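Engineer: In this note's numbering, the protein residues as written are 880 to 1286.
1. For residue 1187, which residues of its own chain have a beta-carbon under 7 Å away from its beta-carbon, when the five flanking residues on both sides are left out?
2. If you pair each beta-carbon of the stretch 1044-1062 with each one of the stretch 935-947, do three or more pairs fall below 8 Å?
3. Is the stretch 1154-1170 touching the stretch 1109-1117 in the sense that three or more CB pairs, one from each, lie closer than 8 Å?
4. Taking the alpha-carbon of residue 932 as reference, which of 1185, 1133, 1012 and 1003 has the nearest alpha-carbon?
5. Return the chain-ordered ranges of every alpha helix (DSSP H) run that is complete within the stretch 931-989 and spans a minimum of 4 residues.
6. In chain order, what residues of the same chain lie with their CB nearer than 6 Å to the CB of residue 1046, ignoring the 5 residues before and after it?
7. Cβ of residue 1146 within 8 Å of Cβ of residue 1213?
8. Using only the alpha-carbon positions, how far apart do residue 1073 and residue 1124 sit?
9. Distance check for residue 1035 and residue 1252, CA to CA, integer angstroms please.
10. Helix, strand or coil: how does DSSP classify residue 1202 here?
11. Flag this pair as yes or no: are the beta carbons of residue 1307 and residue 950 separated by less than 8 Å?
12. Please classify residue 1053 as buried or exposed, where buried requires at least 16 neighbouring CB atoms within 10 angstroms.
13. Is the stretch 1164-1176 in contact with the stretch 981-994, if contact means three or more CB pairs nearer than 8 Å?
14. Return the residue from the list 914, 903, 902 and 901 that minimises the CA-CA distance to residue 1130.
15. Of all the options 985, 929 and 966, which has the alpha carbon lying nearest to the alpha carbon of residue 1166?
16. How would you label residue 920, buried or exposed, when you count the other beta carbons within 10 angstroms and need 16 or more for buried?
17. With DSSP as the reference, please indicate the residues paired to residue 1167 in a beta bridge.
18. Going by DSSP, what residue range makes up the alpha helix (DSSP H) through residue 1003?
19. Could you spell out where the alpha helix (DSSP H) holding residue 1242 opens and where it closes?
20. If you run the structure through DSSP and keep just helix, strand and coil, what is residue 1124?
21. Which word fits residue 1141, buried or exposed, when buried means at least 16 other C-beta atoms lie within 10 angstroms of its C-beta?
22. Looking at residue 958 and residue 1181, is the spacing between their C-beta atoms short of 8 Å?
23. Within the 8 Å Cβ cut-off, does residue 1261 reach chain D?
24. Between which residues of its own chain and residue 943 is the CB-CB distance below 7 Å, once the five residues before and five after are set aside?
25. By the three-class DSSP mapping on this structure, what secondary structure does residue 1249 have?
26. Mind checking residue 1234: buried by the 16 CB within 10 Å criterion, or exposed?
27. Check for me: the alpha helix (DSSP H) holding residue 1211 runs from which residue to which?
28. With 16 other CB atoms within 10 Å as the buried threshold, where does residue 1267 fall?
29. Taking the alpha-carbon positions, what's the residue 1177 to residue 1198 distance?
30. Taking the beta carbon of residue 917 as the centre, do at least 16 other beta carbons fall within 10 Å, making it buried, or is it exposed?
31. Run through DSSP, which three-state label would residue 1236 get?
32. Report the option in 1143, 1150 and 1190 whose CA atom is closest to the CA atom of residue 1221.
33. Curious, which full-length beta strand (DSSP E) runs of at least 3 residues does the stretch 1055-1136 contain?
34. Which of helix, strand or coil does DSSP assign to residue 904?
35. My understanding is that residue 983 touches residue 1094, with C-beta atoms under 8 Å, so please give their C-beta distance in whole angstroms.
36. Note down, in chain order, each residue of its chain lying with its Cβ closer than 7 Å to the Cβ of residue 888, except the 5 sequence neighbours on either side.
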């Protein structure tokens, strides 16, 4: 146990950094879902001492939320719509939060009007200007879709289901704005994330559990890491701790190419710029998210108040502007295609040779994972770690100049 109990959510001065010994069983890089879940399990279930370090000044990673100056709860890094089909993951997170159940509804704005999105029977009726049926929709899609049996990219994945007219109306330009390239240059999985339905289900997702933490993500994460065996260090790059830290295992959740010093070159990511606007009204738009596939430089406007259920006379909208990732901004999305996956495999090969280092999370595995998938990955890593017999070997000494070294 760390002396003084839980040391969560405090930035560390350089003087304190140099003065204190940082001894732990696990040094965890990143205070997002992957890092916090792993630390919580190891601390609460196995009595292990965990240090979580994050160069940001808050816990929660990109899921972080906060109240702005007028009291609107906003998702600082874009909307994080929690959903899962896993009862195990739902019950695990429910230890740290009550839930506000949500039916996420998304619309698209193009051609001067709102459209139902994802595409379903209601969308087709908007196009036809009259009532239709599942049978008619099925027949129309059969006429429109391209005959591609094995789609090789995202464009083929969509046109093989709904044809080019709907692809060009809702997907083509949105994808180019979001990813900085054409859909045909992305893996099929990217656009396949969006469902296409023959019925009138207007929900964005089909998952069994769809909700947001009732008091926000930040409160949930804070409860997760408030444990005597967990120390959280914020506002510090983990490499600043390396000369002062002794640990048994490193859990790394940051960009895998950064860990290896970009020795094979940088993996491409997409970043985002957010434009917040607070308005004195109940709601600005009719849904939590409105996509703008063809108009404007931003991809969408999010009004998260639709999902949080807050009842206050103010609202905040957030416009999202995708941009290339550089050293001056944050990586948000790995860019899945054949060339990037091949580059990632080179880093994954190096990662597999690292001793007592685990790489988990979206950035460390260069995968476009949802939040519940990252939680599941962290739980699996915890189960794997606790099942290993480590013996009573001496603690590791981590050196920034030579990677991770263990005594």
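Don't be surprised by glycine CBs; every beta carbon is placed ideally from N, CA and C. Just so we're clear, the structure is a prediction, and the values are computed from it rather than from any experiment.
Structural biologist: Result, derived from the coordinates:
1. Working through the chain shown from its first residue, we reach residue 1187 at position 308. The answer, listed in chain order, is 952, 979 and 1091.
2. no
3. no
4. By 1-based counting over the chain shown, the position of residue 932 is 53. It is 1133.
5. 966-972
6. Translated into positions along the chain shown, residue 1046 becomes position 167. So the qualifying residues of the chain are 1037 and 1038.
7. Mapped onto the chain shown, residue 1146 falls at position 267. Mapped onto the chain shown, residue 1213 falls at position 334. Yes, they are a contact pair.
8. Here residue 1073 refers to the residue found at position 194 of the chain shown. Here residue 1124 refers to the residue found at position 245 of the chain shown. Spanning the two alpha carbons is a distance of roughly 44 Å.
9. Residue mapping note: residue 1252 aligns to position 373 of the chain shown, counting from 1. Residue mapping note: residue 1035 aligns to position 156 of the chain shown, counting from 1. Using only the alpha carbons, I get a separation of about 26 Å.
10. Translated into the one-based positions of the chain shown, residue 1202 becomes position 323. Strand.
11. The first residue shown for the chain is 880 and the last is 1286, placing residue 1307 beyond what the model contains.
12. The residue you call residue 1053 lines up with position 174 of the chain shown. Flag for residue 1053 reads buried.
13. yes
14. Taking the first residue of the chain shown as 1, we reach residue 1130 at position 251. Minimum Cα distance to residue 1130 is reached at 914.
15. Translated into the one-based positions of the chain shown, residue 1166 becomes position 287. Cα-wise, what sits closest to residue 1166 is 985.
16. What you label residue 920 is simply residue 41 of the chain shown in a count that begins at 1. Label assigned to residue 920: buried.
17. Taking the first residue of the chain shown as 1, we reach residue 1167 at position 288. Paired residues: none, contrary to the question.
18. Taking the chain shown and counting its residues from 1, the one referred to as residue 1003 is at position 124. First-last of the alpha helix (DSSP H) with residue 1003: 1000-1007.
19. Translated into positions along the chain shown, residue 1242 becomes position 363. Start and end: 1241-1244.
20. For this step, residue 1124 is matched to residue 245 along the chain shown. DSSP places residue 1124 in strand when its eight states are reduced to three.
21. Working through the chain shown from its first residue, we reach residue 1141 at position 262. Label assigned to residue 1141: exposed.
22. If you number the chain shown from 1, residue 1181 lands on position 302. If you number the chain shown from 1, residue 958 lands on position 79. Yes; because the gap between Cβ atoms is below 8 Å, this pair is in contact.
23. Although the question refers to chain D, the structure presented lacks it and comprises just one protein chain.
24. For this step, residue 943 is matched to residue 64 along the chain shown. Contacts found: 937, 955, 956, 1096 and 1097.
25. Position 370 of the chain shown, counted from the start, is the residue given in the question as residue 1249. Note: residue 1249 maps to coil in three-state DSSP.
26. Along the chain shown, one-based indexing puts residue 1234 at 355. Exposed, by the Cβ-count rule.
27. Numbered from 1 along the chain shown, position 332 holds the residue referred to as residue 1211. Neither: residue 1211 is in no alpha helix (DSSP H) and is coded neither H nor E.
28. Position 388 of the chain shown, counted from the start, is the residue given in the question as residue 1267. Residue 1267 comes out exposed.
29. Stepping through the chain shown from its first residue, residue 1177 is reached at position 298. Stepping through the chain shown from its first residue, residue 1198 is reached at position 319. Using only the alpha carbons, I get a separation of about 6 Å.
30. Translated into positions along the chain shown, residue 917 becomes position 38. Classification for residue 917: buried.
31. Looking up residue 1236 in the chain shown gives position 357. Three-state DSSP puts residue 1236 in a strand.
32. Residue numbering aside, residue 1221 sits at position 342 when the chain shown is read from its first letter. Here the closest residue by C-alpha is 1143.
33. 1088-1092, 1109-1113 and 1124-1131
34. Counted from its first residue, the chain shown places residue 904 at position 25. Residue 904: strand per DSSP, three-state reduction.
35. Translated into positions along the chain shown, residue 983 becomes position 104. Translated into positions along the chain shown, residue 1094 becomes position 215. Their Cβ separation, rounded to whole angstroms, is 19 Å, which puts residue 983 and residue 1094 out of contact at 8 Å.
36. The residue given as residue 888 occupies position 9 in the chain shown. At residue 888, the pLDDT of 45 sits below 50, so the modelled position is not reliable; the number obtained from the coordinates is stated separately. Answer for residue 888: 938, 1101, 1111 and 1113, listed in chain order.
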